[in-house]
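Residue numbers (full-length UniProt numbering): 1 to 289.
Glycine is no exception: its CB is placed at the ideal position from the N, C-alpha and C atoms.
What follows is a set of notes on a single structure, which appears directly below.
As structure tokens, this is what we get:
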């Protein structure tokens with residue numbers, strides 16, 4: 001088993017058993033004691049587990065420090081997953097072969113990856129899970145920004161204005177948002193605002209993926225006005241009044257019906273550490289076929 005898969009398996013085992021000794025991990029992982037000890041040291045150095053006398057213990061989610069104020073990716077992807085998947089499928093159908101697109105980090109946009117495996121696109125994304133999945137399951141060209149990885153939110157944010165991504169222009173940008181109102185697109189975190197404004201400026205057409213719950217969410221930060229949005233893809237639970245208000249603002253609105261999740265995407269599997277091993281088949285691309 002290669003290093004990253006074994007370490008993610010180790011984290012999953014600790015999440016299930018809370019703690020384990022080196023001999024137990026050796027047996028479960030089919031690895032040598034020296035390899036297990038190295039993995040424990042590697043993961044402990046990155047604050048992903050707690051070293052114990054003779055083994056390791058699971059690190060509670062609340063102890064994993066992060067500076068973004070938004071909810072975790074693992075939490076959000078469990079919410080209204082059937083609605084998000086239908087929205088993501090429609091969004092992927094809007095992509096034309098050979099074009100350059102931008103996809104921001106978010107749970108609804110992440111679900112687009114399942115439907116982009118047979119495409120040949122140039123995709124700029126700040127979602128490291130999407131980048132990794134598409135690299136192993138498709139022939140798309142993937143571009144990611146340099147910067148800090150915010151593991152719980154599944155995004156890479158660059159603190160630099162001259163990041164390499166500024167040189168890429170896209171026909172379309174697909175983005176998830178915290179909330180949506182007549183004032184425009186709303187986010188809850190200043191760090192996300194800074195990064196996403198930069199990406200929006202590099203796209204000709206802005207397409208927003210927002211399930212109907214986003215119409216009732218309020219946040220203190222406005223990302224951009226509705227005049228910058230060309231299309232909103234939402235679900236059939238969206239109220240007629242919300243749809244009409246968007247259309248009166250010149251935004252095209254597409255509503256789609258929720259669809260059942262495949263077995264590998266049922267909510268029970270979202271509890272793996274960060275969703276790495278089972279979430280939508282990221283490390284098991286054959287499960288998506």
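Exercise for review: For residue 112, name the three-state secondary structure that DSSP assigns.
Suggested key: helix
**Study point:** CB contact flag (residue 116, residue 92, <9 Å)
**Key:** yes
Exercise for review: Give the secondary structure of residue 36 by DSSP, where H, G and I count as helix, E and B as strand, and everything else as coil.
Suggested key: helix
Point to revise | Sub-9 Å separation of residue 196 and residue 76 beta-carbons | key: no
**Study point:** residue 218 classed as buried or exposed, judged by whether at least 16 other C-beta atoms fall within 10 angstroms
**Key:** exposed
Exercise for review: Report the partner residues of residue 176 according to the DSSP bridge assignment.
Suggested key: 209
Check your understanding: How many Å lie between residue 186 and residue 32 at the Cα?
Key -> 50 Å
Check your understanding: How would you call residue 183, buried or exposed, if buried means at least 16 neighbouring beta carbons within 10 angstroms?
Key -> exposed
Check your understanding: How is the alpha helix (DSSP H) around residue 77 delimited, first residue to last?
Key -> First-last for residue 77: undefined, no H or E at that position.
Check your understanding: Which of the three DSSP states, helix, strand or coil, is assigned to residue 122?
Key -> strand
Review point. If residue 256 and residue 236 are in contact, beta carbons under 8 Å, what's the gap, nearest whole angstrom?
Key: 7 Å
**Study point:** Burial state of residue 13, where buried means 16 or more other Cβ atoms lie within 10 Å
**Key:** buried
Review point. Residue 57 lies in the beta strand (DSSP E); which residues open and close that run?
Key: 55 to 58
Review point. With burial defined as no fewer than 16 other Cβ atoms inside 10 Å of the residue's Cβ, what is the status of residue 275: buried or exposed?
Key: Annotation note: pLDDT 39 at residue 275 (below 50); position unreliable, coordinate value reported separately. By the neighbour-count rule (16 or more Cβ atoms within 10 Å), residue 275 is buried.
**Study point:** Own chain, CB closer than 8 Å to residue 251, minus 5 neighbours either side, in chain order
**Key:** 226, 229, 230, 231, 232
Check your understanding: By Cβ distance below 6 Å, which residues in the same chain neighbour residue 131 in space, the five residues on each side in sequence not counted?
Key -> 125, 142, 144
**Study point:** Integer-rounded CB distance, given that residue 177 should sit under 8 Å from residue 122
**Key:** Contact doesn't hold; Cβ gap of about 23 Å is too wide.
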